[in-house]
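Following: one structure in structure tokens, then a few remarks.
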Amino acid sequence: MENQTFPKYFHLVPFFIESEYKPFITGIYFVLYLSGIFANSFIMVLIFLSSDLHTPMYFFLCSLSFTDIGYTTATVPKHLHILLSGDSSISFNQCFTQMYFYTLVGITENMVILAMAFDRYVAICNPLHYHSILRWKSCITIITGIWISGLLNSLVITVPLSYLSFCISDTIHQFFCDGKVLIDIACAGVNEFYVVIYIETFLFSFCPCFFNFMSYVKIIKVILQMKSKEGSKKAFSTCSSHLIVIIMYYTTAILVYMMPPNYDRLHQVCLVFFTAVTPMLNPLIYSLRNNDVKRALLKLMASQIYLQAA
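Below is the structure:
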């Protein structure tokens with residue numbers, strides 16, 4: 006243990022720190038962050054207040070919005086602090102705390118998206134048993150299990166990594182701490198840790214992605230076999246928003262984690278999209294493309310106008 010190197014600080018590399026457009030970019034970035042927090046909070050409040058949206062589908066959507074708030078909050082505030090202050094340092098403890106919460110929301114989001122795909126699979130492929138399969142007790146158990154799994158498995162990744170020796174560099178070539186970049190600057194015990202990373206990636210990234218894909222293969226197959234054109238159109242409309250979210254999420258995730266290291270600037274752009282833009286777009290996709298959400302919003306606005314008039 007005495008030969009291990011534990012730096013007091015790491016230095017993050019922010020997005021566009023040297024750019025002449027830094028104030029403008031920082032302002033846009035801040036607006037994106039606030040918009041994401043507001044949009045996701047709005048969806049959560051709307052679902053809570055509207056009894057019409059008290060269904061498993063919107064319960065999972067509410068969980069997704071909460072996770073998206075966690076995604077942006079785990080990474081964006083520190084990045085904004087660096088852009089505004091010019092101080093790119095982050096303490097050892099802060100770095101691994103940030104990594105823990107980022108890993109937590111990453112695992113949780115993967116599993117929540119899978120739960121939403123399961124909800125749509127049951128609704129389209131087994132509609133007669135929908136309410137018996139997805140009872141409230143079952144939905145709460147699923148989400149509770151997802152969060153417990155995320156909390157524990159984030160520890161499995163973060164704690165062993167924090168005991169590695171970091172002697173290659175103290176510079177992290179992105180604007181937040183996560184396992185991928187920290188392994189790059191570790192110089193001992195890396196091979197053993199890769200085993201943990203591969204297992205966790207398989208369980209919480211590859212498996213959810215695979216089951217999401219298989220669910221939608223089955224869903225699309227069932228929709229295409231429907232005799233009623235109106236029925237197939239309605240069925241697809243209930244799934245299209247979630248399908249767009251899945252495609253957007255996994256496309257950006259693949260670009261972020263599979264991109265070669267020599268594409269540094271493009272990698273940073275993808276990270277901004279992944280951590281700030283995607284969480285902001287998710288509630289917009291669901292609200293703009295979903296008639297239930299639109300009706301619930303209009304109903305809530307009408308009730309507020311009525312109360313004010315009375």
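For what it's worth, the numbering used here labels the leading residue of the sequence shown as 6, then goes sequentially.
Positions of the beta carbon are idealized from the N, C-alpha and C atoms, including for glycine.
Since this is a predicted model, take the numbers as computed values, not measurements.
(request) Tell me, please, whether the stretch 56 to 74 touches the stretch 91 to 99 by the rule of three or more beta-carbon pairs shorter than 8 Å. (result) With the cut-off at 8 Å, the stretch 56 to 74 and the stretch 91 to 99 do not touch.
(request) Find out if the Cβ-Cβ distance for the pair residue 180, residue 35 is shorter than 8 Å. (result) No.
(request) Have a look at 275, 86, 42 and flag the residue whose alpha-carbon is nearest the alpha-carbon of residue 260. (result) Ranking the options by Cα distance to residue 260, first place goes to 275.
(message) Please classify residue 128 as buried or exposed, where buried requires at least 16 neighbouring CB atoms within 10 angstroms.
(response) Residue 128 is buried by the Cβ-count criterion.
(message) If contact is defined by three or more beta carbon pairs under 8 Å, each pair taking one atom from either stretch, is the stretch 184 to 193 in contact with the stretch 25 to 33?
(response) They do not touch, by the three-pair rule.
(message) Please return the same chain residues whose Cβ sits closer than 6 Å to the Cβ of residue 297, not counting the five positions on each side in sequence.
(response) Taking C-beta separations shorter than 6 Å and ignoring five residues to either side along the sequence, residue 297 has no partners in its chain.
(request) For residue 236, count neighbouring Cβ atoms within 10 angstroms of its own Cβ and tell me buried if that reaches 16, exposed if not. (result) Its Cβ having fewer than 16 others within 10 Å, residue 236 is exposed.
(message) Using 8 Å as the threshold, is the C-beta distance between residue 173 and residue 18 below it?
(response) Their beta carbons are not under 8 Å apart, which means residue 173 does not touch residue 18 by this criterion.
(message) One question on the structure: do residue 287 and residue 213 come within less than 8 Å of each other, judged by their Cβ atoms?
(response) Cβ distance not < 8 Å, so residue 287 and residue 213 don't count as in contact.
(message) Relative to the C-alpha of residue 215, which candidate in 228, 252, 242 has its C-alpha closest?
(response) Looking at the Cα atoms, 252 is the closest of the given residues.
(message) Mapping the DSSP letters down to three states, classify residue 170 as helix, strand or coil.
(response) Of the three classes helix, strand and coil, the one that applies to residue 170 here is strand, per DSSP.
(request) Count the other C-beta atoms from every protein chain shown that fall within 10 angstroms of the C-beta of residue 132, then say buried if there are 16 or more, exposed otherwise. (result) Exposure of residue 132 is indicated by the presence of fewer than 16 other C-beta atoms within 10 angstroms of its C-beta.
(request) Provide the residue span of the beta strand (DSSP E) that contains residue 94, from first to last. (result) Per DSSP, residue 94 belongs to the beta strand (DSSP E) from 94 to 96.
(request) Could you give the DSSP three-state label for residue 59: helix, strand or coil? (result) Residue 59: coil per DSSP, three-state reduction.
(request) Please list the segments of the beta strand (DSSP E) lying wholly inside the stretch 226 to 285, counting only runs of 3 or more residues, in order along the chain. (result) Within the stretch 226 to 285, there are no complete beta strand (DSSP E) runs of at least 3 residues.
(request) Could you check the C-alpha separation between residue 228 and residue 245 for me, to the nearest Å? (result) Going by C-alpha positions, residue 228 is about 12 Å away from residue 245.
(request) Measure how close the beta-carbons of residue 110 and residue 162 come, nearest whole angstrom, since I'm counting them as under 8 Å. (result) Incorrect: roughly 13 Å between the Cβ atoms, too far for contact.
(request) Starting from residue 16, follow its DSSP beta bridges and name the residues at the other end. (result) Beta-bridge partners of residue 16 (DSSP): 94, 176.
(message) Measuring straight from C-alpha to C-alpha, what distance separates residue 281 and residue 48?
(response) Each residue's Cα considered, the two are about 17 Å apart.
(request) Grab the span of the alpha helix (DSSP H) containing residue 135 for me, first residue to last. (result) For residue 135, the uninterrupted alpha helix (DSSP H) segment begins and ends at 135 to 138.
(message) Buried or exposed, going by whether 16 or more other CB atoms sit within 10 Å of the CB of residue 79?
(response) Buried, because 16 or more other Cβ atoms sit within 10 Å of the Cβ of residue 79.
(message) If distances are taken between C-alpha atoms only, which option among 167, 185, 302, 119 comes closest to residue 99?
(response) The candidate whose alpha carbon is nearest that of residue 99 is 167.
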